[in-house]
DNA sequence: CGCTGTCAATACGCGCGCGTATGGAAAGTG
DNA sequence: CACTTTCCATACGCGCGCGTATTGACAGCG
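Chains as they are written, first to last, in the numbering used here: chain H, 1 to 194; chain C, 1001 to 1194.
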């Protein structure tokens, strides 16, 4: 009975996956720099001794966590809207879904603030390239000329990155729900041709 | 004669200002985290002993350097275009000047990647507020409705922040000069009403 | 020309976070 | 119920960067 309670608090014994998820949580909340093995261990209710059984080094954990995020992110963000046939509708839906602040975007933003890490930069280049390609193709299909489509994709992606940074880091005052919705519709109207 | 040569290499004796400028250089090149007193001392050709005569602590140097940047930035970025009467022209000129990658923007981008520092966050909020106000006013004067002007200002500022991040950190492939000019004109056309 | 104030070098202590070593507990296995 | 495997705790060493203490060099001034 006591053991059952304890099991609800914490799986009593951890796997590598638990550490990876914990690392991603810390990244989302306090950035990559906050992923320290001892603090993360405290968070999970164990000590370092556990960590170094599952991972050889802190970098190995980071690697595993980032790979996990990259997989999840790909099928959380672009995946759901990819099947939409109409390019404008596909873009609108992407914008709206993105605006509903999924955790993946919070982590993305945190990672943008940690590009000095050797692990993070190439990852973000891959993700950026995929998203830029996705946007460019959609804009082309929507009738824009090649160079214009590339420019617009870059502009839209810049607006995405900048907005995340400004909002999540509270550089700019927080909007209420109605304002937020209104802003999203404004960007859709401004960045998607009609 | 030898002394003259040495004086050209380095002012032979430093002032607090030299350290502040050195700190800003390091921030621009490698981020806030790279501002370490010993490495910065090496860069200036002296040792720690010098630093702690000019500053009580590393935080004090950061504070001074950031204040210096905030002053310079204000009169480098918004200052020159503020007198332009026509709001659209004022915005266009701001966009074009901003695109000519002044050092101030490089530092701005580096600081955006260091918001976890207690010193940086409030500074960036102040700077962000000033720029958002500037943009909002210009858009209103250009004839946009209140809420639309705020939205557009936010969108433009997001695009600015995101573009800096993506370009400077090489997340997105580098453009050649012609492409770059073309992109700037595309954003001007997309974000400034006619 | 000596004295004082300014800037710098050297040596040291300290805290923090990574990684190691080693022993112990709990869960599966025959 | 032995015995092995899996997971975890404790204690320790180490490097790095901040900050301090102390002494030294050099310029300007009286």
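All C-beta atoms in this analysis are idealised placements derived from N, C-alpha and C, irrespective of residue type, glycine included.
Remember, it's a predicted structure, so these values are computed and weren't measured experimentally.
- Contact annotation: residue 1027 of chain C and residue 1035 of chain C have beta-carbon atoms nearer than 8 Å.
- When the Cα atoms are used, residue 175 of chain H and residue 1057 of chain C turn out to be separated by approximately 38 Å.
- In the structure shown, the three-state DSSP call for residue 177 of chain H is helix.
- 1112, 1113, 1114, 1115, 1116, 1121, 1124, 1125, 1127, 1128, 1129, 1132: these are the residues of the region 1110–1135 of chain C whose beta carbon lies less than 9 Å from some beta carbon of chain H, given in chain order.
- Check the Cα spacing between residue 1111 of chain C and each of C:1098, C:1128, C:1045: the tightest is with C:1128.
- When secondary structure is reduced to three states using DSSP, residue 47 of chain H falls in the coil class, being assigned neither helix nor strand.
- Across the structure, residue 192 of chain H and residue 87 of chain H are spaced so that their CA atoms are roughly 10 Å apart.
- Membership of residue 1120 of chain C in the alpha helix (DSSP H) is indicated by the continuous run 1120–1141.
- The three-state reading of DSSP puts residue 1029 of chain C in helix, counting H, G and I together.
- Interface annotation, residue 1139 of chain C: not in contact with chain H, CB-CB separation never under 8 Å.
- The C-beta distance from residue 149 of chain H to residue 1159 of chain C rounds to 17 Å, too long to meet the 8 Å contact threshold.
- Taking one beta carbon from each stretch, the region 169–187 of chain H and the region 87–105 of chain H have 3 or more pairs nearer than 8 Å; the two touch.
- With the criterion set as a beta carbon lying under 7 Å from some beta carbon of chain H, the members of the region 1162–1186 of chain C are 1162, 1163, 1165, 1166, 1169, 1171, 1172, 1182, 1183, 1186, in sequence order.
- For the 8 Å CB-CB criterion, residue 1138 of chain C and residue 1064 of chain C do not form a contact.
- For chain H, the residues of the region 1014–1045 of chain C that bring a beta carbon within less than 9 Å of one of its beta carbons are 1030, 1031, 1033, 1034, in chain order.
- Excluding five sequence positions before and after residue 1125 of chain C, none of the CB atoms of its chain fall closer than 7 Å to its own CB.
- At a cut-off of 8 Å, the C-beta of residue 151 of chain H has a neighbouring C-beta in chain C.
- The beta carbon of residue 159 of chain H sits closer than 8 Å to some beta carbon of chain C.
- Per DSSP, residue 1057 of chain C lies in no alpha helix (DSSP H) segment and is marked neither H nor E.
- For residue 1162 of chain C, the enclosing alpha helix (DSSP H) begins and ends at 1146–1168.
- DSSP, read as helix, strand or coil, puts residue 1113 of chain C in coil.
- Under a 10 Å Cβ-count criterion, residue 1169 of chain C is classified as buried, with 16 or more other Cβ atoms of the shown protein chains found around its own Cβ.
- Sequence-distant Cβ neighbours of residue 1081 of chain C in its own chain, meaning closer than 7 Å and more than five residues away, are 1090, 1093, 1094, 1097.
- Residue-level contact check: residue 97 of chain H does not touch chain C, since none of the beta carbons of chain C fall below 8 Å from its beta carbon.
- Under the DSSP assignment, residue 1099 of chain C falls in the alpha helix (DSSP H) whose first and last residues are 1087–1099.
- In this structure, the straight-line span from the alpha carbon of residue 1180 of chain C to that of residue 154 of chain H is close to 11 Å.
- Within chain C, no residue has its CB atom less than 7 Å from the CB of residue 68 of chain H, the nearest being about 20 Å off.
- Linking residue 51 of chain H to residue 41 of chain H through their CA atoms gives a straight-line distance of about 7 Å.
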